[in-house]
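As structure tokens, the structure follows; a few thoughts come after it.
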Amino acid sequence: MHSFFAAIPHHGPEYFGKLIIGLLIVLAILGLLHAAPKQSRRAIIAVFTFLGGLFYFLEFFLPVDPKTNKNFLTGQQEFVAQLSAVIGAYAIGLGVVSLGQYHAKIISRKREGWGNSVVLVIAALIMFTFSILNEYHAKTVLFTDPFQHHTQDIHGVFLVLFEGGLAKLDAATFALIAFFIASASYRAFRIRSVESSLLMIAALIVMLASTTIGTALTNWLPTEGPQANFRIEHISEWLLTRLNSPAQRGIVFGLEVGALATSLRLWLSLERGAYFDAEV
Amino acid sequence: MTTSEKGSVWARMQRVDRRVIYVLLLLSIIIPMLLPQVEFPILPSQQSKDFYTGIENVAEKTPAKIVIVDGFWASGTRGEQQWQTQAIFTHLMKRHLKFAMLSFDTQNKTLMPAIADKLAPQFGYEYGRDYINFGYRPNSVFQQTVKGMVNDIPGTIKKDARAQPIASYPIMNGIKDSKDVGAVIDITPVSSVGVWIGLFQGASQTPLFYAPTAVMAPEGYPYLDSGQISGILTGVKGAGDYEQLLKTKSFGTQATSALSFVYALIILLVIVGNIGYFIERSNTRKVNA
Numbered sequence: 001m002h003s004f005f006a007a008i009p010h011h012g013p014e015y016f017g018k019l020i021i022g023l024l025i026v027l028a029i030l031g032l033l034h035a036a037p038k039q040s041r042r043a044i045i046a047v048f049t050f051l052g053g054l055f056y057f058l059e060f061f062l063p064v065d066p067k068t069n070k071n072f073l074t075g076q077q078e079f080v081a082q083l084s085a086v087i088g089a090y091a092i093g094l095g096v097v098s099l100g101q102y103h104a105k106i107i108s109r110k111r112e113g114w115g116n117s118v119v120l121v122i123a124a125l126i127m128f129t130f131s132i133l134n135e136y137h138a139k140t141v142l143f144t145d146p147f148q149h150h151t152q153d154i155h156g157v158f159l160v161l162f163e164g165g166l167a168k169l170d171a172a173t174f175a176l177i178a179f180f181i182a183s184a185s186y187r188a189f190r191i192r193s194v195e196s197s198l199l200m201i202a203a204l205i206v207m208l209a210s211t212t213i214g215t216a217l218t219n220w221l222p223t224e225g226p227q228a229n230f231r232i233e234h235i236s237e238w239l240l241t242r243l244n245s246p247a248q249r250g251i252v253f254g255l256e257v258g259a260l261a262t263s264l265r266l267w268l269s270l271e272r273g274a275y276f277d278a279e280v
Numbered sequence: 001m002t003t004s005e006k007g008s009v010w011a012r013m014q015r016v017d018r019r020v021i022y023v024l025l026l027l028s029i030i031i032p033m034l035l036p037q038v039e040f041p042i043l044p045s046q047q048s049k050d051f052y053t054g055i056e057n058v059a060e061k062t063p064a065k066i067v068i069v070d071g072f073w074a075s076g077t078r079g080e081q082q083w084q085t086q087a088i089f090t091h092l093m094k095r096h097l098k099f100a101m102l103s104f105d106t107q108n109k110t111l112m113p114a115i116a117d118k119l120a121p122q123f124g125y126e127y128g129r130d131y132i133n134f135g136y137r138p139n140s141v142f143q144q145t146v147k148g149m150v151n152d153i154p155g156t157i158k159k160d161a162r163a164q165p166i167a168s169y170p171i172m173n174g175i176k177d178s179k180d181v182g183a184v185i186d187i188t189p190v191s192s193v194g195v196w197i198g199l200f201q202g203a204s205q206t207p208l209f210y211a212p213t214a215v216m217a218p219e220g221y222p223y224l225d226s227g228q229i230s231g232i233l234t235g236v237k238g239a240g241d242y243e244q245l246l247k248t249k250s251f252g253t254q255a256t257s258a259l260s261f262v263y264a265l266i267i268l269l270v271i272v273g274n275i276g277y278f279i280e281r282s283n284t285r286k287v288n289a
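Chains A and B supply the protein sequences, listed in that same order. Per the numbering used here, the first sequence starts with residue 1, numbered consecutively. Per the numbering used here, the second sequence starts with residue 1, numbered consecutively.
Okay, here's the thing in structure tokens:
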């Protein structure tokens, strides 16, 4: 089974043969699952979920051979990781299909904002097409610039779309957040109560200490001795390591205990509620 | 329009038009960028100094081991993390430490190696001999990849970004598992450091260095206290700190000055808003009394 997942060049009859066989196997499994009675479907999913979790649980906790630092399951990690990557890829595919159906419905019924859906579908199709073409025909010339006699290949167009388009839009979107944060912090930080005053003072000290202007304010104080404690960067340090850190640790403990409980419920298929009670 | 219709000065101090704030913010970023001579002295934080000293220790104590640099960042946080990455690579190259890059973001697979490739000629670094690109792995297999590398790095990674077996490169001679890793550096805008601590650092006590965005940094402090993280480089200020410690000057230093102006502006706005709020509240109480 290991060789089935082994990295192979993404071209040639071997690759496409395995791709088709893989797709047929998955379709057959999905077909069988679909045909099975509802109760059996739940049981099958519960068994596979349990086995997947059990593998990592045992691999992590079973003692290892001190010479090799491995137990009998360690060697199978790669196979299980590849398997989970394949399932993850199908889940992404399912998400793409679902997204496509949702926006196709909006466009066909011309609901409010249908123009945005058109842009999304076109952008997704163009990106998908050029990503695939870039993998197999990167050097194929698409057109020649009539003025400069400069040729543009598929890889060049892909770069324009990915780095010139997606990456730049991504950066611009994040950069816009700075404007909202500045405006929101101006409006939110008000001395309305003791708690909000403490929060504001702590935030101002940490912000000031992060600036060269702020640190310059207390630069006249000595760097050693009791007076050094009053340097703004030391007060900020104290806030971060002596107040923030224990609070963060408490939050992390709570989160991790919650995550452990949720993981156990998922692993043992005990989870109920959204997504879990729906028909499978 | 009368003063009463517009509201008192104190009320107006609390309601500065957001467009005015946006323009001021834009100016406080642009002006220091256009005037690089406007520069304030940078005082590196203790966490940045710990980061720097930690890498120095790796270079002195375990120079033959490889350093793994994990990149989760993309264009969204490039403004902070490109400069952190550049400063870190500069330090690694200055100290002739071998390093491997590993990306868990589709954009990072080109962004991070581009920085290493740009710096390499300056320090006589050669691909495959001094540094290597382990390539991109989907985020969905992050935990499995980290866990796999604990016992078998060549078996888990298999091929580099150039589709060649990593074991065929001279840099990988003698590099088998986590015991052969001198340090892990996590340059990330997400909560990935917990996975490195739980699955990798815990297994072999490998020094772990954390370079998050500024908003993520507080998450790292508990681990710094416990000694599981050896240093934190916080956002672009961390990059500026590191450039200061390396005695080099780049965008990190310039951006730290710009950041100072932005923070100063926000602090000023908060103070102005609060003065208005405080005085207006006092006046209202007096009238009601």
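Built from N, CA and C at the ideal position, the CB exists for glycine as well.
Among the bridge pairs identified by DSSP, B/Gly220 is matched with none. For B/Leu259, same chain residues with a beta-carbon under 7 angstroms away, outside a window of 5 residues either side, are Val236 and Lys237 in chain order. The segment 178-193 of chain B makes no contact with the segment 21-38 of chain B: fewer than 3 CB pairs, one atom from each, lie closer than 8 angstroms. By the beta-carbon neighbour count (other beta carbons within 10 angstroms, threshold 16), A/Ala209 is buried. Taking every protein chain shown into account, the CB of A/Phe180 has fewer than 16 other CB atoms within 10 angstroms, so this residue is exposed. Counting the other Cβ atoms within 10 Å of the Cβ of B/Ile175 gives 16 or more, which makes it buried. Rounded to whole angstroms, the gap between the alpha carbons of B/Thr248 and B/His91 is 10 angstroms. Proximity of B/Gly54 to chain A, defined by a Cβ-Cβ separation below 8 angstroms, is not satisfied. Within the same chain, Cβ atoms closer than 8 angstroms to the Cβ of B/Val193 are found at Asp186, Leu208, Tyr210, Pro212, Glu219, Gly220, Tyr223 and Ile229, the five residues on either side in sequence being excluded. Counting C-beta pairs closer than 8 angstroms gives fewer than three between the segment 164-171 of chain A and the segment 185-198 of chain A, which falls short of the contact rule.
Under DSSP, no beta-bridge partner is assigned to B/Met33.
Among the residues facing chain A, B/Leu119 is not included, as its CB has no counterpart in that chain under 8 angstroms away. Counting the other Cβ atoms within 10 Å of the Cβ of A/Ala104 gives fewer than 16, which makes it exposed. Put simply, the CB of B/Ser8 is far from chain A, with every gap to its CB atoms at 8 angstroms or more. Burial check for A/Ser108: the Cβ neighbour count within 10 Å stays below 16, so the residue is exposed. Between B/Ile55 and B/Ala239, the C-beta gap is not smaller than 8 angstroms, which leaves the two residues out of contact. In this structure, B/Val262 places its C-beta atom within 8 angstroms of the C-beta atom of B/Leu25. With respect to the C-alpha of B/Arg78, the residue from A/Pro222, A/Ala175, A/Arg187 and A/Pro226 having the closest C-alpha is A/Ala175. Assignment of B/Lys247 by DSSP, reduced to helix, strand and coil, places it in the coil class. By alpha-carbon distance to A/Leu243, the top candidate from A/Glu78, A/Leu260, A/Ile92 and A/Ala203 is A/Ala203.
Counting every other CB atom within 10 Å of its CB across the protein chains shown gives B/Lys118 a total below 16, marking it as exposed. Closest in alpha carbon position to A/Val160, among A/Thr211, A/Pro226, A/Gln148 and A/Asn134, is A/Asn134.
Straight-line measurement puts the Cα of B/Ile266 at about 7 angstroms from the Cα of A/Ser185. For B/Lys109, the closest of B/Lys158, B/Gly135 and B/Phe123 by C-alpha to C-alpha distance is B/Gly135.
The Cβ atoms of A/Asn69 and B/Asp177 sit closer than 8 angstroms to each other.
Contact with chain A is absent for B/Gly231, since none of that chain's Cβ atoms lies less than 8 angstroms from the residue's Cβ. Within chain A, the C-beta atoms nearer than 7 angstroms to that of B/Thr256 come from Thr212, in chain order. As for any alpha helix (DSSP H) of minimum length 4 sitting wholly inside the segment 203-267 of chain A, the runs are 212-217, 232-238 and 245-267, ordered along the chain. Short of 6 angstroms from the beta carbon of B/Leu245, and not among the five residues preceding or following it, lie these beta carbons of its own chain, in chain order: Pro44 and Tyr52.
When CB distances to chain A are screened at a threshold of 9 angstroms, the residues of the segment 233-265 of chain B falling below it are Thr234, Gly235, Lys237, Gly240, Thr256, Ser257, Leu259, Ser260, Phe261, Val262, Tyr263, Ala264 and Leu265, in chain order. The Cβ atoms of A/Tyr136 and A/His11 sit closer than 8 angstroms to each other. The Cβ atoms of A/Ile154 and A/Ala138 sit closer than 8 angstroms to each other. Between B/Ala114 and B/Val150, the C-beta spacing is not below 8 angstroms. Contact note: B/Gln144 reaches chain A through Tyr56, Gln77, Glu78, Val80, Ala81, Gln82, Ser84 and Ala85, using a C-beta cutoff of 9 angstroms and chain order. For chain A, the residues of the segment 23-56 of chain B that bring a beta carbon within less than 9 angstroms of one of its beta carbons are Leu24, Leu25, Leu26, Ile29, Glu39, Phe40, Pro41, Ile42, Leu43, Ser45, Gln46 and Gln47, in chain order. In the same chain as B/Ala214, and ignoring 5 residues on each side of it, the C-beta atoms closer than 6 angstroms to its own belong to Thr234 and Gly235, in chain order.
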